[in-house]
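Here the structure comes first, spelled out in structure tokens, and everything after it is commentary.
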Amino acid sequence: MLRLCTRNLRTNGFLDRPLTRNFSYSKHLLSTKNFSQPHTSPGKQTTETFANSVRPSIRNQVLFFLFGSSSILLYSAWATNIETAIVLEKLKSQSSVWQAQSIANVDLRRFQQMELVKGLRSTYKYLNTQAAEIPQLIRPYLNAAYVALLQPYADASEGRRLCWKICLLNTGIWLMWQFQRLQPMMNRAFVHQPLSGLTYTLLSSTFSHSSLLHLAFNCLALEGFGSAATTYLRQAQDKNVPGQLESTSSYHFLSFYISAGVFASLVSHVANARIRYPKLIAQLSSPASRTPATDTWASAVAAASSTVGKSATTASVASASAVTIPGSLGASGAVYSCVTLVALAYPDSQVSLIFPPVTPIGIQTAALGILTLDMIGIYRGWRMLDHWAHLGGAAFGALYFYYGPSVWSHTRAIL
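The sequence shown begins at 1 in UniProt numbering and counts up by one.
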């Protein structure tokens, strides 16, 4: 068969025809001298390409903060105007006396407190009616539990009640962390990962706590400093614009708190994207982190044995010096904003720790002390806490002290 194929090819003249070239050969055509390129290290080129391709973005996060804080400010100002108008109309309809004299903010808040107590009493009567079929032996305990629960709520200030609601939301999210089945969703939606590219986690992570101790500390601090911050915002409104009625300061504090939490998360994100990420890339591309090349089996064994011998002595050093970009969560940044705002608003106030030593100290001294610890933590590379978020929250609180109340009043006047 092979011979037949060869014979046929020869009769066609294909093998008898000499091979020719349709182009003139030049010895300089493929010369490497004309195409010389500068030498580039493959490792360096790969590292730069990888760094540029996965470089964390900050544009979307900055836009999210600007749009989100502006939206919550507009909504809170609009809701405050609506609620103030409703309370004012109810107050005027109670008696003709209020129509003849000027109404101040203190009158609106006193009337609103009376309406709250009236609503709680109505709820108490309704529950007693529904509990008529409950045995008489158990009914007094239910009544005592209701009074013990709602009496502190009625006696608390408006700001403290709002902080309790925020803590209740934080507790609900913490309970979700306790279910193993929800862990993937919680890590994705309630932890801000700088390398994820997500923006809404700047907000959702502010209300997220995976540790009970973390939740307890933040809620305890929020109850004290958050209620004091609400009091200052109310006083600033009465002082700066006394003619602008405001029946509630809850929306104002809510706008401040949410914007502070998102801003603190944004500062942490920018620090990770512009400081920690370049350090991580530099560490991964350093010669010490590369595996030495081996040409023979013997050299590979020698390199492996050398690596094993050094691993025991350098493991602790490597783990301590490794640059990581962890996720962040918690309300600490927003709480820091409240601390800074209260420290600037009430400089003569004193605070004390919940654990020894419990000696009271000035609030500004305490605030300066914790901020100094955060700056030391950044310099030393401590990673237990998100120090950048703490500093970002403190900066937002200081800025809001000087400019926030006036921006709030102007926004309400425009709407």
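Glycine included, every Cβ here is placed at the ideal spot set by N, Cα and C.
Counting only residues of its own chain and dropping the five nearest sequence neighbours on each side, Asn60 has a CB closer than 6 Å to the CB of Thr199. Rounded to whole angstroms, the separation of the alpha carbons of Tyr251 and Ala77 is 7 Å. A straight-line Cα-Cα distance of about 49 Å links Leu368 and Gln94. For the alpha helix (DSSP H) assignment, the uninterrupted runs of no fewer than 4 residues enclosed by the region 138-218 are, from N- to C-terminal side, 139-155, 158-177, 183-189 and 201-204. Under the three-state reduction of DSSP, Gly330 is assigned to coil, being neither helix nor strand.
Pairing Ala331 with Leu233 gives a Cβ-Cβ distance that is not under 8 Å. With fewer than 16 other Cβ atoms from the protein chains shown falling within 10 Å of its own Cβ, Gly381 counts as exposed. Each residue's CA atom was taken as its position, placing Ile258 and Leu202 some 10 Å apart.
According to DSSP, residue pairing for Gln350 in a beta bridge involves Gly362. Our two residues, Ala85 and Gln136, have alpha carbons roughly 45 Å apart in a direct line.
Straight through space, the alpha carbons of Gly397 and Leu329 are spaced by roughly 19 Å. Ser205 and Arg188 have their C-alpha atoms roughly 10 Å apart. Under the DSSP assignment, Gln283 falls in the alpha helix (DSSP H) whose first and last residues are Tyr277 to Leu284. Take Cys219, set aside five residues on each side of it, and the residues of its chain with a beta-carbon closer than 6 Å to its own are Cys167, in chain order. Judged by their CB atoms, Pro56 and Pro278 are not nearer to each other than the 8 Å cut-off. In the DSSP assignment, Asp107 falls within the alpha helix (DSSP H) that extends over Asn105 to Gln130. If you ignore the 5 residues before and after Glu246, its C-beta comes within less than 7 Å of the C-beta of Thr80, Thr84, Asn105 and Gln237, all in its own chain and listed in chain order. Under the 10 Å beta carbon count, Ala260 is surrounded by 16 or more other beta carbons and is classified as buried. DSSP places Thr248 in the coil class of the three-state scheme, outside both helix and strand. Under the DSSP assignment, Asp238 falls in the alpha helix (DSSP H) whose first and last residues are Ser227 to Asn240. Taking C-beta atoms as the reference points, Phe225 and Leu169 fail to come closer than 8 Å.
In the DSSP assignment, Ile58 falls outside any alpha helix (DSSP H) and carries neither an H nor an E. Annotated three-state conformation of Phe67 is helix, per DSSP. Between the alpha carbons of Gly243 and Ala413 lies a gap of roughly 11 Å.
Here the alpha carbon of Phe179 sits roughly 46 Å from the alpha carbon of Lys90.
Non-local C-beta neighbours of Ser409 in its own chain, meaning closer than 8 Å and more than five positions away in sequence, comprise Gln237, Asn240, Val241 and Gln244, ordered along the chain. Tyr403 sits exposed, since fewer than 16 C-beta atoms from the chains shown fall within 10 Å of its C-beta. In the structure shown, the three-state DSSP call for Phe396 is helix.
Pairing Tyr400 with Ala132, the inter-Cα distance amounts to about 52 Å.
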